[in-house]
Each structure stands twice: as structure tokens, then as C-alpha cells.
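Take 2 as the starting number for the sequence shown in our numbering and just add one per residue. Cβ coordinates follow ideal geometry from the N, Cα and C atoms, glycine included. It should be emphasised that the depicted structure is a prediction, and the values quoted were computed from it without experimental measurement.
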Amino acid sequence: MTSSLLSQPFRVAALYRFCRLDAFAALKPELAAFCCARGIKGTLILAHEGINGTVAGKGEAIAELVAHLEATPELAGLEVKYSDTAEMPFHRMKVRLKREIVTMGVDGIDPVRSAGTYVAPADWNALISDPETIVVDTRNDYEVSLGTFRGAVDPRTKSFREFPAWVEAHRQELEGRKVAMFCTGGIRCEKATAYVRSLGIEEVFHLKGGILKYLEEVPQAQTLWDGECFVFDERVSVSHGLEEGEAELCRACRRPLTPADRRAPQYAAGIACAYCHDMRSEADRVRYAERQRQVELAGKRGTGPHIGG
């Protein structure tokens with residue numbers, strides 16, 4: 002085993018597939034048992050429209066899980082992006098049943114049949130540098146705050162459910178343009194581009210593999226990406242080469258914080274940040290302070306993370 006693998010003992014797999022998955026509920030107990038037996042942690046979401054999730058474990062265990070999923074005929078052809086980390090980035094394993102694997106709340110959207118045109122990371126810079134292209138970040142505002150592509154439009158959404166309303170409000174600006182959309186791993190854009198195309202806008206593109214694949218494949222010297230990319234695990238963010246970033250979570254509001262955010266006078270580790278300080282009561286702060294004290298004690302004892310442990 003190489004020294005790099007020894008220093009990065011956990012493999013993270015962000016995966017999804019849109020497909021017709023009629024028996025999705027029956028997969029829940031079997032997948033939960035399969036993952037727990039191999040020390041895999043994270044979240045898998047199952048719905049009629051397919052599977053979505055991010056999980057982590059030893060490299061061999063993750064390879065076994067992906068092979069197991071691929072052996073299910075409907076799930077063959079998974080979109081999977083891998084990265085490695087020195088510490089387990091999840092506290093537990095969850096398999097959830099939902100109405101949608103990524104919630105937009107619009108009926109009748111079929112990404113399998115009507116998603117936009119994929120653009121490989123190597124070709125993305127040329128597309129978004131074209132003055133005829135409008136570039137749209139489909140992620141939520143707290144994700145965009147850490148980083149985005151140069152010149153991209155930020156819809157300032159709090160959740161993906163708000164995205165269709167933003168498109169409707171800006172429909173005239175999108176019509177007649179090339180519309181290039183991107184998200185973290187590609188899944189939101191499958192639905193976002195399908196929705197935009199359902200409105201009659203045809204030249205719609207999305208970054209294949211999402212920001213994660215771009216940061217993995219495009220050299221930093223050629224990048225049009227500024228900042229870090231928020232990820233939904235304890236790493237919080239990654240940068241080029243999928244190296245762990247500098248962001249940390251506010252444990253009170255779950256917002257990612259840059260080093261500059263953590264220097265704000267309202268910031269107190271585990272208790273509050275500038276974004277949520279004025280929304281918390283004194284009772285909240287006392288409660289969060291006790292939780293943070295327990296986290297620090299657990300760290301000193303070497304008993305692992307207190308939160309979600």
C-alpha cells in the first residue's frame with residue numbers, strides 16, 4: 002500500500018442514478034445491512050426515480066458497495082465520483098425513502114429523457130467563456146458563498162424547491178441564450194436542465210460530474226473556479242485536486258464558514274456565527290455551549306466525536 006493511501010484511509014463515493022426503481026422500498030433494509038456490515042457510513046436516498054447519496058468507508062468496502070449496486074439492473078451505470086480523506090466524514094449510516102432523490106417539487110420532470118447536454122470538464126471553460134452563454138449556479142446560497150465559477154449567476158435560493166420559481170422569474174433573460182448550469186456532483190442539474198428545457202428553452206447544458214469532477218480533472222493553472230466547493234459531510238469543503246478545504250461548519254446553524262467568517266466578533270465555536278447570532282436566544286447559546294464543552298471533552302478523552310457519535 003502506498004504512503005498516500007495510508008494517510009488517506011477512507012474513500013468517499015458521491016453517487017446517483019436516475020432510473021425507474023419501482024421496488025425501491027424493498028432495497029432499504031438490504032442496503033442498510035450491506036453497508037453496516039462493512040463499516041460504511043453516510044446517506045443513501047431511494048425513490049421511484051432512482052438513487053442518490055454520499056458514503057464513505059475503506060476502499061475495498063466502497064468498491065464492494067458500488068459493485069453491489071451496479072449488479073442491480075436498474076442501477077447499472079451509476080454516476081460515481083471518488084475522493085479520499087484521512088478521517089471518516091460521517092457519523093452513522095442512513096438509508097432513506099423519499100418521493101424524490103433530489104427534491105425540486107415539480108411533477109412530470111424526467112431527467113432520463115429530457116436533461117440538458119452534458120459538457121465534459123475539459124470543455125467547460127470554453128462554454129462558459131462564450132459571451133452568448135449565461136452560466137447559472139443551481140446550488141443554494143450558503144453553498145455559493147464558499148465558491149463558484151467566474152461570472153456565474155447566483156439565484157440566491159435557500160433550497161432547490163425555490164429554483165423553478167427563480168427560472169420563471171428570469172425566463173426572458175434565459176430565452177435565446179446558451180444556458181450552462183452546474184452543481185456539486187451533477188444530480189441537481191439533471192433536474193434543473195430538464196425543467197428549463199420543459200419551458201421550451203433548447204440550448205441547455207450542464208457540467209458532467211459537477212464541480213467535483215471539474216476540480217478533480219482541470220489543472221488549477223487553467224481554472225475558472227474561485228473558492229472552495231461545499232460538500233455534505235464533515236470535510237465541509239474541498240478545493241482543486243479534491244483536497245480538503247479550509248471551511249468549517251457553524252454547529253448552531255450548519256452554515257459553512259470561511260476563515261474570515263470565523264474571525265468575525267459574533268463567532269463562537271459551536272455556539273454561533275455572524276449569520277445566526279441574532280437569531281439565537283440566550284437559552285440557545287447556553288445549550289450550544291454545553292454541547293461544545295462535551296465535544297471538546299470527548300476530543301480530549303480520545304473517544305471520538307460527541308456530535309452524532
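Please tell me whether Lys99 and Ile46 are closer than 7 Å, where the distance is taken between their beta carbons. yes
Can you tell which of Asp285, Pro266, Asp262 and Gly242 has the C-alpha that lies nearest to the C-alpha of Ser84? Gly242
Are Glu191 and Pro90 touching if we call contact CB-CB under 7 Å? Not a contact, by the Cβ cut-off of 7 Å.
Classify Glu229 as buried or exposed, calling it buried when 16 or more other Cβ atoms lie within 10 Å of its own Cβ. buried
So within the segment 148-212, which uninterrupted beta strand (DSSP E) runs reach at least 3 residues, ignoring any that extend past its ends? 148-150, 179-183 and 205-208
When DSSP labels each residue in this structure, what does Tyr17 get in the three-state scheme? strand
How would you write the range of the alpha helix (DSSP H) that Leu70 sits in, first residue to last? Gly60 to Glu71
Drop a sphere of 10 angstroms on the beta-carbon of Asp138, count the other beta-carbons inside from all chains shown, and report buried for 16 or more, exposed for fewer. The residue is buried, with at least 16 neighbouring Cβ atoms inside 10 Å.
Range covered by the alpha helix (DSSP H) that runs through Arg292: Glu283 to Arg302
According to the neighbour-count rule (16 or more other Cβ atoms, all chains shown, within 10 Å of its Cβ), is Asp279 buried or exposed? An exposed status is given to Asp279, since fewer than 16 other beta-carbon atoms sit within 10 Å of its beta-carbon.
3 or more residues per run - each beta strand (DSSP E) lying fully within the segment 230-284: Taking 3 residues as the minimum length, the segment 230-284 contains no beta strand (DSSP E) run wholly inside it.
Going by DSSP, which residues form a beta bridge with Thr44? Thr55 and Lys95
Look at the alpha carbon of Gly177 and the alpha carbon of Glu169, and state the distance between them as a whole number of angstroms. C-alpha separation (whole angstroms): 15 Å.
So, using beta-carbon positions, are Ala48 and Glu101 closer together than 7 Å? yes
Over what stretch of residues does the beta strand (DSSP E) that includes Glu80 continue unbroken? Glu80 to Thr86
If you reduce the DSSP assignment to three classes, tell me which class Asp142 lands in. helix
Beta-carbon separation of Gly51 and Phe19 under 7 Å? yes
Hey, is Lys209 close to the ligand ADP, as in C-beta under 6 Å from one of its heavy atoms? The ligand ADP is not among the ligands present in this structure, which contains no ligands whatsoever.
Between which two residues does the beta strand (DSSP E) carrying Asp227 extend? Trp226 to Gly228
Give the range of the alpha helix (DSSP H) segment to which His107 is assigned. The displayed chain sequence assigns Val, not His, to residue 107. Note, Val107: premise wrong, no alpha helix (DSSP H); not H, not E.
Within the chosen definition, does the segment 67-79 reach the segment 147-159 through at least 3 CB pairs nearer than 8 Å? No: the two stretches stay apart, fewer than three of their Cβ pairs being nearer than 8 Å.
Segment limits, alpha helix (DSSP H) that includes Val113: Element bounds for Val113: Pro112 to Ser115.
Within the continuous alpha helix (DSSP H) that includes Glu31, where are the two ends? Phe25 to Ala38
Can you grab the Cα-Cα spacing for the pair Phe183 / Ala15, in whole Å? So the two alpha carbons sit approximately 16 Å from each other.
Do Pro165 and Tyr143 have their beta-carbon atoms positioned less than 7 Å apart in this structure? no
When Ala299, Phe150 and Ser115 are compared against Asn129, the one with the closest alpha-carbon: The residue you asked about is not Asn; residue 129 is Ile in the sequence shown. Selected option, being the one with the closest Cα: Phe150.
Three-state secondary structure assigned by DSSP to Ile129: In the structure shown, Ile129 sits in a helix (DSSP, three-state: H, G or I).
Counting C-beta neighbours from all protein chains within 10 Å, is the total for Pro220 16 or more, i.e. buried, or is it exposed? Residue environment: Pro220 is assigned as exposed (fewer than 16 neighbouring CB atoms within 10 Å of its CB, all protein chains considered).
From Gln295 to Arg252, what does the alpha carbon distance come to, in whole angstroms? 13 Å
Whose CA, out of Gly54, Cys254 and Ile63, lies closest to the CA of Phe35? Ile63
Rounded separation between Trp125 and Ile202 - CA only: 20 Å
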